[in-house]
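Undergrad: The structure follows.
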Amino acid sequence: MSKIHVTTTVNGDEVEFLCDPRETLLDALRDKLNLTGVKEGCGTGDCGACSVTLDGRLVCSCLVLGAEAEGKSVGTVEGMSEGEELHPLQKKFIEYAALQCGVCTPGILVATKALLEKNPDPSEEEVRYWLAGNLCRCTGYDKIIRAVLDTAADMRGDA
Amino acid sequence: MALDEYKPQKGGSELGSEKQGFKVVGTTPDRPDGIDKVTGRAKFGADAYAPGMLHAAIVRSPHAHAKILKIDTSKAEALDGVKAVVTRADFATGLKGENWNILENVMANDTALYDGHAVAAVAATSALIARDAVKLVEVEYELLEHVTDVDKAMEPDAPVIRAGIAEKSVPEGMHPNVVRYHESGHGDVEKGFAEADLVVEDHFRTEATHQGYIEPHACLAQLGSDGKGEVWCCTQGHWNVQKVCAALVGTETSQLRVTASEIGGGFGGKTAVFIEPVALALSKKANRPVKLVMSRSEVLRATGPTSSASMDIKIGMKKDGRITAAEGTFRLQGGAFPGAPMEFSAMCAFACYDLENVRQVGFDILANRPKQAAYRAPGSPMAAYAVESVVDELCNKLNLDPIETRLMNASKEGTKASYGPRFEQIGLVETLQAAKAHPHYTAPLGEGQGRGISCGFWFNHGGETSVSLALSEDGTVQLAVGTPDIGGSRASMGMMAAEELGIPYENVRCTIADTATLGYNEISHGSRVTYASGLATIKAARDAKKKLCARAAAKWGIDEDAVVWEDGCAKPSGPNAGDFDPLPIEKITRSMGRTGGPIVGHFEATPEGAGVSFATHIVDAEVDKETGKTSVVRYTVVQDAGKAIHPTYVEGQYQGGAAQGIGWALNEEYIYGEDGRLQNTVFLDYRIPVASDLPMIDTVIVEVPNPGHPYGVRGVGETSICPPLAAIANAVSAAAGVRLRELPMSPPRILEALEKQSDG
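Chains as they are written, first to last, in this note's numbering: chain A, 1 to 159; chain B, 1001 to 1760.
Dropping the structure here:
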């Protein structure tokens, strides 16, 4: 079967890969580019564990074909920190114990980063509805919500 | 609790603990795997790759019950890229007992026993080719009658799933699908019911639910023709994977080395073995490493959901609230294999109550569903739902306060438990008192809201445990434990080692060792990790301290007994006190090569003092009488942790259990069609709670020390899922005036109950 040559930008770096026309962006990121921080929890767009940004828009990478990344810019959890310096959300998630098993964490971090870029001062309800597409089975969401709201306050410079 | 009021709890009181003045225990340091998990570096089951690796996929039965007449793999084998196809013929023969059950579940022999039962598997050069090849495997079936409902599976005309396997204890005349029976209790229930002022008797049903861990099962396996192999997998117990896989593929246990990956949730569902033997069999045949990852629909159809249950509860009460007798019958189907935890339902059902007269019976029933697995306190939540609903009904009818009534009847130290033994020091009364004192209990309710209370109980467990604590030359510590870390236990272990050795938490690195590194470790189940591996860590640290003191004694030329360990240093004591400067850990370890060799502390044993655990939950629910939708608007968990090592992680266990219980109560259920096929096989249809479904979940950590642990620890992972089902049902009853006796309390069921109420 002939494969498709894709050139795209991932976390700021230009990359190339060959993919089957049926291959999802999720599988391409994991299997071709070794970006295994992107997780598959369902493959049907219901759990959000594979959340990435595509030209700045939050998507489930299991619902995007690898070939669709051609010429676009992809952002994954691996691109969140600046070198050794963690993103404020990453720090707060550890501090607040906003993760237990951690498998939903990459998707939730990518999703909440996208939220705070759009809305730096979300209410609890806005965070809950924004994250309604990211399933977490361990935490009951309580500590995640607290970590996100506290990060937002810090990033705004509130005391 | 309002957002701005929240402060992480600091470990609460130290009621009568053996040890006082903790320095590390009770604080909330960062977990050692924190950075890996927020950066995407942490490697889970599906994140391993090997040179030459193949991808596997499984052929599954679309039928609930069918004879397998023929499997033709030739077309699949002919597909370019396919390297191996296996069927039952490629696994060990002559297995007995539970190994036979597991093999039969892992790969069907001559009969498919449920929708999703594995019948063959393929390995190919890509996952897409493997999936294409699955479609080319031709299986000829002869359909058989099926049954998926627990009550129907006991009826005389139900199809027999496996004849002749019922245990002798099963009463005569029962359907062959009833395979195990349990009976326990004490006193005379008939006499007790005769003494009651009011007796309430009711029937309850709960549907099967799934643990719903976000990470599907995944493994990477290699098995050579020499019988030597390696497995990397997400599991709650890699020694169990080693033992089961060795039996199923016919090699020796020690020839398989199993490494536990990071695990993306388990909740009991990853205590069982499903895919690892299949990957090993494919690897052996293809002579290449094989990766096998389940899809979500495979997880729902063919792993281990809970049992569904049918229960009868009868409780007698005096006007003042004293319970005179309690009786329960618990019928659980656990799929097409024996093992439904009906004895746990029966034994947990009335454990919260100090009863003179109590009797409980259980039936384990086969049905054409997947083999059930543990899910957080297996068997207990459904029993608590039924019993605590009846207690609530009695309180309502006798106009009694639900907490006062429970306090009057509560089990305490010395109570003869409903399941037999006498309780040691336990904390049920303390959770009830803390719930009563909590502002939530007396807060005003909004329009259309009701408040529910429920208690819950779980045994907790010890189990075989092996830990090694090795000192490095710079005085830091490598702690190897064998219980996979599901929710932050490496932090708790590191804290206990640091506490015991008197060194900073940061100087301990705790890792989960593979099967080649330590002796056997039982699965991370039964809320045993912080208790048993924690106890093992403390004992291993004490062993290391003894060895450190011996080196100091030799250096000083004094008796070993004359050296004590304090604040990370060996110090002379007794008549030698003050004779020598304290010797810090790093000074001893730096020269250990010259003073007797490496210093390693060990623990290998089976701790048996896991203290039982109780919880009391308070919930406010709001029922929309037009749509039937129930919203949980406020939730408080009060639970006895014995001693909270890392209080924030304890809170997390409380909150997670409550959230899963809310899902079980309101949304989640296995829905089988008339054809016996599972109808909701994706997360869109099997709907677990999402962030916008839930309120903040407040927690109170009660600490009544467990006498069986050096620091008083009780397991906390499971009890938190026991009270929510009943607490929410009681809140719904208070809010809408209808008693839901079947879960989930979905909008159609609520509407139906409301209609009946207005008709009546």
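Built from N, CA and C at the ideal position, the CB exists for glycine as well. On a predicted model such as this, the values are computed, not experimentally measured, just so you know.
(1) Let's see if you can read the secondary structure: which residues bound the alpha helix (DSSP H) around B:T1324?
(2) Taking A:D46 as the query, report the chain B residues whose CB atoms sit under 7 angstroms from its CB, ordered along the chain.
(3) Step through the CB atoms of chain B and report whether any lies within less than 8 angstroms of the CB of A:S66.
(4) For the beta strand (DSSP E) containing B:I1512, name the first residue and the last one.
(5) In terms of residues, what are the limits of the alpha helix (DSSP H) holding B:K1547?
(6) Give me, in chain order, the residues of the same chain whose beta-carbon lies closer than 7 angstroms to that of A:C101; leave out the 5 immediate sequence neighbours on both sides.
(7) Quick check on B:I1671: buried or exposed, where buried means 16 or more other Cβ atoms within 10 Å of its Cβ?
(8) Given 8 angstroms as the limit, is there contact between the stretch 1330–1346 of chain B and the stretch 1105–1122 of chain B, that is, 3 or more CB pairs closer than that?
(9) Look at the Cβ atom of B:A1123, then the Cβ atom of B:A1221, and state whether they are nearer than 8 angstroms.
(10) Report buried or exposed for B:T1648, applying the criterion of at least 16 other Cβ atoms within 10 angstroms of its Cβ.
(11) Name, please, each residue of chain C whose Cβ falls closer than 9 angstroms to the Cβ of A:V6.
(12) Please name the residue, chosen from A:P106, A:V10, A:N34 and A:Y96, that lies closest to B:A1048 on a Cα-to-Cα basis.
(13) Judging by CA-CA distance, which residue of B:G1427, B:G1519, B:M1408 and B:V1391 is the nearest neighbour of B:D1254?
(14) Could you have a look at B:E1669 and say whether DSSP puts it in helix, strand or coil?
(15) Could you tell me the distance, in whole angstroms, from the CA atom of B:L1280 to the CA atom of B:R1406?
(16) Using three-state DSSP, classify B:G1012 as helix, strand or coil.
(17) In its own chain, which residues sit with a C-beta less than 7 angstroms from the C-beta of B:A1550, not counting the 5 before and 5 after it?
(18) Mind checking which residues open and close the beta strand (DSSP E) that includes B:F1337?
(19) Taking 8 angstroms as the threshold, find out whether the stretch 1712–1727 of chain B comes into contact with the stretch 1366–1384 of chain B through three or more Cβ pairs.
(20) Against chain A, does B:T1039 count as a neighbour if the rule is that its beta carbon must be under 8 angstroms from one of theirs?
(21) Mind listing, in chain order, the continuous beta strand (DSSP E) runs of no fewer than 3 residues lying wholly within the stretch 51–96 of chain A?
(22) For B:D1392 and B:T1442, I'd like the C-alpha separation in whole angstroms.
(23) Per the contact definition of three or more C-beta pairs closer than 8 angstroms, is the stretch 78–91 of chain A in contact with the stretch 61–68 of chain A?
(24) If distances are taken between C-alpha atoms only, which option among B:H1709, B:I1645, B:P1051 and B:I1728 comes closest to B:N1667?
(25) Going by alpha carbons, who is nearest to B:D1485 out of B:G1021, B:G1034 and B:T1028?
(26) A:E95 touches chain B at which residues, Cβ-Cβ below 8 angstroms?
(27) On the criterion of 16 or more Cβ atoms from any shown chain inside 10 Å, does B:P1710 qualify as buried, or is it exposed?
(28) Hey, does A:E40 have any beta-carbon neighbour from chain B nearer than 8 angstroms?
(29) Does A:R57 have its Cβ less than 8 angstroms from a Cβ in chain B?
(30) Out of B:P1159, B:V1025, B:P1747 and B:K1152, which has the shortest C-alpha to C-alpha gap to B:T1627?
(31) Is the stretch 1648–1667 of chain B touching the stretch 1688–1706 of chain B in the sense that three or more CB pairs, one from each, lie closer than 8 angstroms?
(32) What does the Cβ neighbour count give for B:A1351, buried or exposed, with the cut at 16 atoms within 10 Å?
(33) Which residues in chain B have a C-beta closer than 9 angstroms to the C-beta of A:T24? List them in chain order.
(34) Can you tell me which of the three DSSP states B:G1304 falls into?
(35) Classify B:G1016: buried if its beta carbon has 16 or more other beta carbons within 10 angstroms, exposed otherwise.
(36) Quick one: what's got a C-beta closer than 7 angstroms to B:L1206's C-beta in the same chain, skipping five residues either side?
TA: In short:
(1) Segment I1323 to Q1333 is the beta strand (DSSP E) holding B:T1324; no alpha helix (DSSP H) there.
(2) The CB of A:D46 comes closer than 7 angstroms to the CB of V1682, F1683 and L1684 in chain B, given here in chain order.
(3) Inspection of the sequence shows that residue 66 of chain A is occupied by Gly rather than by Ser. Chain B contact via Cβ: absent.
(4) For B:I1512, the uninterrupted beta strand (DSSP E) run begins and ends at V1508 to I1512, by DSSP.
(5) Looking at the DSSP string, the run of the alpha helix (DSSP H) that includes B:K1547 is G1534 to W1556.
(6) C138
(7) exposed
(8) yes
(9) no
(10) buried
(11) Reference to chain C is not applicable here, since the protein chains of this structure are A and B.
(12) A:N34
(13) The sequence given here has Ser at residue 1254 of chain B, not Asp. Ranked by Cα distance from B:S1254, the first of B:G1427, B:G1519, B:M1408 and B:V1391 is B:G1519.
(14) coil
(15) Looking at the two C-alpha atoms, the distance is approximately 52 angstroms.
(16) Any answer about B:G1012 is weak, because its pLDDT of 40 lies below 50 and its placement is not dependable; what the coordinates show is given next. In this structure, B:G1012 counts as coil in the three-state DSSP scheme.
(17) Only E1560 meet the Cβ criterion.
(18) First-last for B:F1337: undefined, no H or E at that position.
(19) yes
(20) Yes, because at least one Cβ of chain A sits closer than 8 angstroms to the Cβ of B:T1039.
(21) 51–54, 57–60 and 73–75
(22) 17 angstroms
(23) no
(24) B:I1728
(25) B:G1034
(26) D1030
(27) buried
(28) yes
(29) no
(30) Ranking B:P1159, B:V1025, B:P1747 and B:K1152 by Cα distance to B:T1627 puts B:P1747 first.
(31) yes
(32) buried
(33) Correct list: empty, because the minimum Cβ distance to chain B is about 10 angstroms.
(34) coil
(35) Low confidence applies to B:G1016: its pLDDT is 44, below 50, so where it sits in the model is not reliable, and the reading given next is rough at best. Flag for B:G1016 reads exposed.
(36) The sequence given here places Thr at residue 1206 of chain B; Leu does not occur at that position. Excluding positions up to five away in sequence, the list reads S1308, A1309, M1382, Y1385 and L1743.
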